[in-house]
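Colleague:
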Amino acid sequence: MARVSFEFKKGDLIWVSLVVVLLCVGFGVAQWDNTKAMFHDASDVKITIDGEGDMSLQNASDLGLIGGGGWNLIYSDDFESIPSGWDSNTLYDCDGHSILGRKTGTACFVRTFSDLPSHVEVAVKVDYFVIDSWDNRKAYIEFDNKQIWSTNYGMGGLLSCGSGTWSDRIEPNIWTSWYHTGSTLTLEICAALNNNINDESFGIDNIEVYVL
Ligand SMILES: [Ca+2]
Ligand SMILES: [Ca+2]
34 MARVSFEFKK GDLIWVSLVV VLLCVGFGVA QWDNTKAMFH DASDVKITID GEGDMSLQNA
94 SDLGLIGGGG WNLIYSDDFE SIPSGWDSNT LYDCDGHSIL GRKTGTACFV RTFSDLPSHV
154 EVAVKVDYFV IDSWDNRKAY IEFDNKQIWS TNYGMGGLLS CGSGTWSDRI EPNIWTSWYH
214 TGSTLTLEIC AALNNNINDE SFGIDNIEVY VL
């Protein structure tokens, strides 16, 4: 078997030591840079945006200038005054709340939105008023005639409107969303009731519509 042997002179050892030291230093610097990169966050990174100048990535994101900005509010109404664009513009005072309503039977509040900005999803947030003797009746929301949310409600609550026989309430901040890409959306907020308006009815308030 061939033997391999190395002979170092004193000068060679110095050079070898130097090379080893330089390799160690280089490795350390690389690791340190790597660590710094790992701990960069959006507030460290500066970017330039046309018309906005330099700002941190975090600020740009917060301002919705990059990353799509999350949900984009395209419509809201608190129904404190006569609204436009709905199938019915009748307002109703439910215990001090000015709401769109009221309706009974199998009925919807309908509004069509057009020229929506480019999006992949639509969300609706709304206060839903359950008025009088709901007995496990269905409330539901549709996008373009497709039901995207529903639940069943019973009667009762802390408000007093409609008939004095039954108390009433708000189901607040109902939030639902569904995939949608078209430039036009028909939104329907509905109930499936089956008695007269002084027995079961519903209304809506504080609606917000968002696209993503
Ligand atoms: Ca209102
Ligand atoms: Ca009532």
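With our numbering applied, the sequence shown corresponds to residues 34 to 245, in that order. Note that CB positions come from ideal geometry on N, CA and C, so glycine has one too. The structure presented is a predicted model; accordingly, all values stated were derived computationally and were not measured.
1) With DSSP run on the structure shown, which of helix, strand or coil describes H152?
2) Taking DSSP as the reference, what is the three-state secondary structure of T68?
3) Rounded to the nearest angstrom, what separates I237 and Y161 at their Cα positions?
4) Suppose you measure from the CA of F146 to the CA of S109; what does that come to, to the nearest Å?
5) Report yes or no: do the region 113-122 and the region 198-207 share at least 3 C-beta pairs separated by less than 8 angstroms?
6) So the candidates are E154, D128, H130; which of them puts its Cα closest to the Cα of W104?
7) So H130 is in the beta strand (DSSP E); what residue range does that whole segment cover?
8) When DSSP builds the beta bridges, which residues end up paired with F142?
Modeller: For this structure:
1) Translated into positions along the sequence shown, residue 152 becomes position 119. Note: H152 maps to coil in three-state DSSP.
2) Along the sequence shown, one-based indexing puts residue 68 at 35. With a pLDDT of only 39 at T68, under 50, the local geometry of the prediction cannot be trusted, and the value read off the model is given with reservation. Looking at T68 - three-state DSSP - the assignment turns out to be helix.
3) Residue mapping note: residue 237 aligns to position 204 of the sequence shown, counting from 1. Residue mapping note: residue 161 aligns to position 128 of the sequence shown, counting from 1. Rounded to whole angstroms, I237 to Y161 spans 5 angstroms at the Cα level.
4) As a position in the sequence shown, residue 146 is number 113, starting the count at 1. As a position in the sequence shown, residue 109 is number 76, starting the count at 1. In this structure, the alpha-carbon of F146 lies about 12 angstroms from that of S109.
5) no
6) Along the sequence shown, one-based indexing puts residue 104 at 71. Considering only alpha carbons, the answer is E154.
7) For this step, residue 130 is matched to residue 97 along the sequence shown. Counting along the chain, the beta strand (DSSP E) containing H130 begins and ends at 130-136.
8) Locating residue 142 in the sequence shown gives position 109, where the first residue counts as 1. Paired residues: I222.
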